[in-house]
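Residue numbering for the sequence shown follows full-length UniProt numbering, beginning at 1 and increasing consecutively.
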Amino acid sequence: MAKRVLVVEDNELNLKLFCDLLRAHGHEVLPLRDGRDVVAQALEFRPDLVITDIHLPHVSGLDLIISLKRDPRLALVPIMAVTAYAGKGDEDRIRGAGAQAYVSKPISVLRFIEQVNALL
1 MAKRVLVVED NELNLKLFCD LLRAHGHEVL PLRDGRDVVA QALEFRPDLV ITDIHLPHVS
61 GLDLIISLKR DPRLALVPIM AVTAYAGKGD EDRIRGAGAQ AYVSKPISVL RFIEQVNALL
């Protein structure tokens, strides 16, 4: 059964790659290029998973994660952070904000899909 995945990524190539991979695995995808309206979009789309970059225009991915987790209608939706932030402590900070998974860029396609499958 197809799962619904909301993808927030400002880099056009990464957004296309993530969405193409998800669609190839049978998922329905809603791509967003910025996180300003992510809570409203998520409430309308009702995703089974949110995948977000951390470095976004207008709102940080960390703030986005916190906003999603604070909304009781979205709090149980798993979140996977996909980010170039791979420094010491970054994964702990991202998981501390509420992300259940963390994948660093450049991504391994296999690891990306494994993490998606583990969360769905």
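By construction, the Cβ of each residue, glycine as well, lies at the ideal position given by its N, Cα and C atoms.
Would residue i be called buried (16 or more neighbouring beta carbons within 10 Å of its own) or exposed?
i           : result
P47         : buried
E114        : exposed
L15         : buried
A118        : exposed
D53         : buried
residue 131 : An answer regarding residue 131 cannot be provided, because it is not within the stretch 1 to 120 covered by the chain.
L110        : exposed
G61         : buried
Looking at the structure shown, is residue i part of a helix, part of a strand, or coil, going by DSSP?
i   : result
L30 : strand
G96 : helix
S39 : Before going on, a small fix: residue 39 reads as Val here, not Ser. Helix at V39.
N11 : coil
K16 : helix
K88 : coil
DSSP has residue i in a bridge; who is on the other side?
i   : result
L49 : V5
L82 : Reading off the sequence, residue 82 comes out as Val, not Leu. Paired residues: V103.
By how many angstroms is the C-alpha of residue j removed from the C-alpha of residue i?
i    : j    : result
L49  : R23  : 14 angstroms
A101 : D37  : 22 angstroms
I13  : K105 : According to the sequence displayed, residue 13 carries Leu and not Ile. One C-alpha to the other measures close to 13 angstroms.
M1   : E28  : 10 angstroms
I107 : Y85  : 12 angstroms
With a CB to CB cut of under 6 angstroms and the five nearest residues on each side skipped, what residues in its chain are close to residue i?
i   : result
I65 : I79, A97, G98, A99
L74 : A42, L68
Which same chain residues end up closer than 8 angstroms to residue i when comparing Cβ atoms and leaving out the 5 residues on each side of it in sequence?
i   : result
D34 : V8, D10, L56, P57, H58, V59
V39 : S67, L68, D71, L74
V77 : A42, P47, D48, L49, V50, L68
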